[in-house]
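Q: With the UniProt record's numbering applied, the sequence shown closes on residue 155, and no number is skipped along the way.
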Amino acid sequence: MELVYRARERDILRGTFLPYRLEFSQKNDRFRLLCFRKGDLKPFTMNLGKVMEARVGAFMDVVLPEHRAELVIVTCHVVNHRNAVDRAMIHFADYKKKAFRTDREHVFELEIHCPRGDLTELVIQLLSFGPMMQVLEPASVVGELKARLARQLAL
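1) Which residue wins for smallest C-alpha separation from Val123, given the options Arg148, Pro131 and Arg21?
2) Verify whether the separation of the beta carbon atoms of His77 and Lys96 is less than 8 Å.
3) Going by DSSP, which residues form a beta bridge with residue 156?
4) Please work out which residues of its chain come closer than 6 Å, Cβ to Cβ, to Glu53, disregarding the five sequence neighbours upstream and downstream, and give them in chain order.
5) In terms of DSSP beta bridges, what is Ser140 paired with?
6) Please classify Phe24 as buried or exposed, where buried requires at least 16 neighbouring CB atoms within 10 angstroms.
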């Protein structure tokens, strides 16, 4: 497919992409097209709402690799007060996750596996969970949480 895509406010991408799969995100109420760039078969995910033009290109007989988004593992501690661990497992049901007991009483470690493109959405969900959760790593997510909290405090 020949596509013209608005990546950001001013960034416009033009190129040939090989569609792989169409997904719907209930959380965002949008469709995502998982595809590969023609030249290097690098995986690419695009919001269909930002596709400005689309044309069917020439047929290509290629075997596409598995489309995998780069995953970021976000590590948190959850204090199990009022079933907070159960609520966290349900709250983050859209992500692959693992929970472990820690040496501290009533504290569990939660690993959330999140595609890099969904990190902003995860940060918002982490903030909405409240004080029963402490994000430990990665540092970029901790920094984003602190920055958002500082902006809220400044209001």
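The C-beta atom is built at its ideal place from N, Cα and C for all residues, glycine as well.
A: This is what the structure gives:
1) Checked all of Arg148, Pro131 and Arg21; the closest Cα to Val123 is Arg148.
2) No, these two residues do not count as a Cβ contact at 8 Å.
3) This structure cannot speak to residue 156, because the chain is shown only from 1 to 155.
4) Only Val4 meet the Cβ criterion.
5) Answer is none; Ser140 lacks a bridge partner.
6) The Cβ neighbour count for Phe24, taken over all protein chains shown within 10 Å, is under 16; the residue is labelled exposed.
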